[in-house]
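Heads up: the structure comes next, in structure tokens.
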Amino acid sequence: MIGIFDSGLGGLTVVRRVRERLPHADLVFFADQAHVPYGDRTPEDLDRLMRANVAWLDARGVEAIVVGCNTSCAIADAYGWPESSAAIFDLIDSATIALQRANARRIGIVATAATVRSGAYGRRIREAIPQSEVWEVAAPALVPLVEAGRIAGDEPRDAVADVCTQLPRELDAVVLACTHYPVLAEHFTAALGAGVRQIDPAFVQADRVAALVESRGHADERGTTRYVTNGDVALFRHNVARITNETNPLVEESAALAFELDGRA
Ligand code: DGL
Numbered sequence: 083m084i085g086i087f088d089s090g091l092g093g094l095t096v097v098r099r100v101r102e103r104l105p106h107a108d109l110v111f112f113a114d115q116a117h118v119p120y121g122d123r124t125p126e127d128l129d130r131l132m133r134a135n136v137a138w139l140d141a142r143g144v145e146a147i148v149v150g151c152n153t154s155c156a157i158a159d160a161y162g163w164p165e166s167s168a169a170i171f172d173l174i175d176s177a178t179i180a181l182q183r184a185n186a187r188r189i190g191i192v193a194t195a196a197t198v199r200s201g202a203y204g205r206r207i208r209e210a211i212p213q214s215e216v217w218e219v220a221a222p223a224l225v226p227l228v229e230a231g232r233i234a235g236d237e238p239r240d241a242v243a244d245v246c247t248q249l250p251r252e253l254d255a256v257v258l259a260c261t262h263y264p265v266l267a268e269h270f271t272a273a274l275g276a277g278v279r280q281i282d283p284a285f286v287q288a289d290r291v292a293a294l295v296e297s298r299g300h301a302d303e304r305g306t307t308r309y310v311t312n313g314d315v316a317l318f319r320h321n322v323a324r325i326t327n328e329t330n331p332l333v334e335e336s337a338a339l340a341f342e343l344d345g346r347a
């Protein structure tokens, strides 16, 4: 079984890519909607949440954790991933591989405020691609729009356009460095133009976990996906069905991680 976690609906864009690559694998997705958005939280709180998410998936016995949250990966860059019996696949590694494959040099990063503040993306890309120039822009307005289902029309289009105007011109690639953003891909295409390549690290995440699973073989798995939230389960069911196109998704409510946090960045 493969585990995926995020603060909310964004992780579904990772689930989708893993499912495409591994149609028979069993997946469990945990959405920590009790604490969404992560992007406005302090590093200390984000570290605590990241560890709790990994522990929750470990307790389910997953063999791999495909991280569906860039903000957690940015925090792990500073604090390290916790010990886990599962192999952990990090989105920043996957984004870097995708940029190398695309031969990108002038690179824009659009991400949550916490991810941008960490500087993790810029540091890791410059290490892997020394000739690169990297610009990072925070987009705090976008996650709340996706969580509220406001993904079509002027409001999300203008919000994405506003973020993209903060990037320099003539970029080779822009990384959608928050898993909520691929839901808004059409607005990014409208704002950036077709000449700028959009990088969604979820594709490489899926390739990497597929390589692991295929090397082991799992004839006993049936291709089920369990979607678990610690937030509003009725709303979650509606949004999962809308984003995944599944008519009757296997949705569960969990009281896991429903602790209060007081810190705000
Ligand atoms: N989707 C997450 C990410 O990739 C977190 C977004 C948020 O909760 O602010 O960063």
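Start counting the sequence shown at 83; every next residue gets the next number (our numbering).
Built from N, CA and C at the ideal position, the CB exists for glycine as well.
Closest Cα partner of residue i within the set the options
| i | options | result |
| --- | --- | --- |
| Y203 | R232, R183, A160 and G299 | A160 |
| N152 | A259, L332 and N185 | A259 |
| D127 | R101, D175, A156 and D314 | A156 |
| S166 | R199, L139 and N312 | L139 |
| P226 | F112, A338, S336 and H117 | H117 |
| N312 | P331, E328 and L339 | L339 |
| E252 | P212, L332, D88 and R279 | R279 |
| I170 | A146, A193, L181 and Q182 | A146 |
| V144 | V110, Q115 and W163 | V110 |
| E218 | F341, R206 and L317 | R206 |
| T261 | G235, Q248 and E229 | E229 |
| A180 | I233, G235, D254 and A243 | D254 |
| G162 | A193, A141 and P125 | P125 |
| E335 | Q182, A243 and R319 | R319 |
| I233 | T247, L249, R290 and F270 | F270 |
| V216 | G231, G235 and L249 | L249 |
| A88 | G150, R123 and T329 | In the sequence under discussion, the amino acid at residue 88 is Asp, which differs from the Ala named in the question. Selected option, being the one with the closest Cα: G150. |
| Q182 | G235, N327 and V256 | V256 |
Per DSSP, the bridge partner or partners of residue i
| i | result |
| --- | --- |
| T307 | L109 |
| E218 | I191 |
| E334 | V310 |
| Q213 | Paired residue(s): none; Q213 is not in a bridge. |
| L258 | V192 |
| A186 | Bridge partners of A186: none, in fact. |
| A169 | A146 |
| F87 | F112 and V149 |
| I281 | V257 |
Supposed close pair residue i, residue j - CB separation, criterion 8 angstroms
| i | j | result |
| --- | --- | --- |
| Y120 | A196 | 6 angstroms |
| S214 | R208 | 6 angstroms |
| P86 | V148 | Residue identity differs from the one stated: residue 86 is Ile in this sequence, not Pro. Right, the Cβ-Cβ distance comes to about 5 angstroms (below 8 angstroms), so this counts as a contact. |
| A168 | E303 | So it is not a contact: roughly 15 angstroms between Cβ atoms. |
| A288 | R99 | 4 angstroms |
| S307 | V96 | The identity of residue 307 in the sequence shown is Thr, whereas the question assumes Ser. Wrong, their Cβ atoms sit about 12 angstroms apart, outside the cutoff. |
| A141 | V310 | Contact doesn't hold; Cβ gap of about 12 angstroms is too wide. |
| G90 | Q115 | 5 angstroms |
| I84 | V333 | Going by Cβ atoms, the distance from I84 to V333 rounds to 18 angstroms, so no, they are not a contact pair. |
| V245 | V198 | Incorrect: roughly 11 angstroms between the Cβ atoms, too far for contact. |
Counting Cβ pairs closer than 8 angstroms, one from the segment 282 to 291 and one from the segment 169 to 184, do we hit at least three?
-> yes
On the three-pair Cβ rule with 8 angstroms, is the segment 130 to 138 touching the segment 91 to 103?
-> Cβ pair count under 8 angstroms is below three, so no.
Please confirm if the segment 264 to 271 is in contact with the segment 236 to 250, defined as three or more CB-CB distances below 8 angstroms between the two stretches.
-> yes
Could you say if the segment 292 to 300 and the segment 185 to 192 meet the contact criterion of at least three C-beta pairs nearer than 8 angstroms?
-> no
Give every residue whose Cβ lies closer than 6 angstroms to any heavy atom of the ligand DGL, listed in chain order.
-> D88, S89, G90, G92, V118, P119, Y120, G121, C151, N152, T153, T194, T197, V225, C260, T261 and H262
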